[in-house]
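**Q**
Right under this line is the structure:
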């Protein structure tokens, strides 16, 4: 009986370790993809600057979250839409926000 309990406990520990490592790998992969997406967005800075200039209704050379949220991602050029793969404009704001 003790051998059965010990072997089951050992299998649980091994399984927990495998699951934990899989979760860590998944988080690292997501962070890497986010970093790559950010790099692609930064390379498109000239195109995005033109779009943001149009959105800057007060001509103060900054965009608030409210101004950016008015942007319809589907209205952006197709090359940007394909490259960004953003789920929301909020994600774009988060990537590009320079002053916190």
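In the working numbering, the protein residues as written are 1153 to 1252.
In this text, a Cβ means the ideal position worked out from N, Cα and C, and glycines have one as well.
In whole angstroms, give me the CA-to-CA distance for residue 1227 and residue 1167.
**A** Approximately 47 Å, taken between the alpha carbons.
**Q** Starting from residue 1225 and walking both ways along the alpha helix (DSSP H), at which residues does that stretch end?
**A** Careful: residue 1225 lies outside any alpha helix (DSSP H) and carries neither H nor E.
**Q** Distance check for residue 1164 and residue 1223, CA to CA, integer angstroms please.
**A** So the two alpha carbons sit approximately 50 Å from each other.
**Q** Is residue 1246 close to the ligand GDP? I mean its beta-carbon at under 6 Å from any heavy atom of the ligand.
**A** Within the structure as shown, the ligand GDP is missing, as the structure has no ligands at all.
**Q** Just how far apart, CA to CA, sit residue 1251 and residue 1184?
**A** Rounded to whole angstroms, residue 1251 to residue 1184 spans 23 Å at the Cα level.
**Q** Write down every uninterrupted run of the alpha helix (DSSP H) in the stretch 1179-1229 whose length is 4 residues or greater and which is fully enclosed by it, in chain order.
**A** For the stretch 1179-1229, whole alpha helix (DSSP H) runs of length 4 or above, ordered along the chain, are 1197-1207 and 1217-1221.
**Q** Indicate the three-state DSSP secondary structure (helix, strand or coil) for residue 1250 in the structure shown.
**A** Coil, per DSSP.
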